[in-house]
Amino acid sequence: MKILALETSAKAVSAAVSEDGRILAAGYQDTGLTHSRTLMPIVEGILRNAGLTVKDMDAIAAAVGPGSFTGIRIGVSAAKGLAFAAEKPCVPVSALAAMARNAAFAGGLIVCAMDARQKQIYNALFSVRDNGSLERLTPDRAVSLADLAEELADDSRPKTIAGDGAKLCLDALNAAGISRCRIAPPHLVMQNAVSVALEAEEIAKNGGLVSAQELVPVYLRPPQALTLRERQKLDASN
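No gaps in the numbering here: position 58 of the sequence shown is 61 in my numbering, and each next residue is one more.
Written as structure tokens, this is what we have:
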């Protein structure tokens, strides 16, 4: 199965093509330019260099959240557009589950951390099994750094932190006296479409394909730019 994966949940932007666990092509950029400007040139470049087209893909995957509201919208919209045009299914991927794959080699506990501002992080916890696979321990969530530290207070396992909020999280855990914490290596700490592609392959094998219409962003908090009326409607729907 060939999958084109997009990752736009944070400051960096990336795209990758995988086939049955092998990465065929990948592109990554973290220069501060907007995703709307950089994403499609990366996609076009990796496909061209690999001698592939969107029609050659079996599915289009996107990191659907949590993360930057604008970034997620751009990535999901791009994936939907590509899938609609090529008549391909989509794979929704948790940005946190994908990033956990980056640090699975370390064993112990994987702490995924994306900066959510307001002294919070978007977070999920994963345990690494003896065979190297990941066991999800929590849902994707927005959690305060203080609450996370309290949750991990009695956990003696080595803890590897991944994500753009890793340094913020490490400082908070160290200040709370949480032991055995470290940040993933520099080339693995950030969100990347390579891990989105590999996570998407597993999701697809387990029947997780959706239509382009069904691919939607996953927001754990309402955008700060919502009007009072929009917030009231959102609260009423919940």
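Just so it is clear, CB atoms sit at the ideal spot from N, CA and C, and this is done for glycine as well.
To which residues of the same chain is residue i closer than 6 angstroms at the C-beta, ignoring the five residues directly before and after it?
| i | result |
| --- | --- |
| Arg160 | Gly111, Leu112 |
| Ala86 | Ile63, Cys93, Ala215 |
Tell me whether residue i sits in a helix, a strand or coil according to DSSP, three-state version.
| i | result |
| --- | --- |
| Ile26 | strand |
| Lys83 | helix |
| Ser130 | strand |
| Gly68 | strand |
| Ser214 | coil |
| Lys162 | strand |
| Ile124 | strand |
From residue i to residue j, what does the alpha carbon distance come to, in whole angstroms?
| i | j | result |
| --- | --- | --- |
| Ala18 | Ala145 | 26 angstroms |
| Ala8 | Pro95 | 10 angstroms |
| Tyr31 | Ile49 | 10 angstroms |
| Val46 | Val219 | 20 angstroms |
| Glu22 | Gly70 | 26 angstroms |
| Ile186 | Leu173 | 7 angstroms |
| Leu148 | Ala175 | 6 angstroms |
| Ala53 | Leu36 | 25 angstroms |
Among the residues of its own chain, which have a CB less than 8 angstroms from the CB of residue i, if the five just before and after it don't count?
| i | result |
| --- | --- |
| His38 | Thr11, Val16, Thr73, Gly74, Ile77, Gly78 |
| Tyr222 | Gly68, Pro69, Phe72, Ile75 |
Mind checking residue i: buried by the 16 CB within 10 Å criterion, or exposed?
| i | result |
| --- | --- |
| Lys83 | buried |
| Ser214 | exposed |
| Ile124 | buried |
| Asn177 | exposed |
| Thr41 | buried |
| Thr230 | Confidence at Thr230 is low in this model, with a pLDDT of 47, below 50, so the placement of that residue is unreliable and no value is reported for it. |
| Phe129 | buried |
For residue i, which residues of its own chain have a beta-carbon under 7 angstroms away from its beta-carbon, when the five flanking residues on both sides are left out?
| i | result |
| --- | --- |
| Asp59 | Lys5 |
| Ala152 | Ala175, Leu176, Ala179, Ile181 |
| Ala81 | Leu9, Leu42, Met43 |
| Thr141 | Ala127, Leu128 |
>> Ignoring anything shorter than 4 residues, give me the alpha helix (DSSP H) runs that lie fully in the stretch 71-117, in order along the chain.
In response: 72-89, 98-106
Length-filtered (4 minimum) alpha helix (DSSP H) runs lying within the stretch 140-195: Complete alpha helix (DSSP H) runs here, min 4: 148-154, 169-178.
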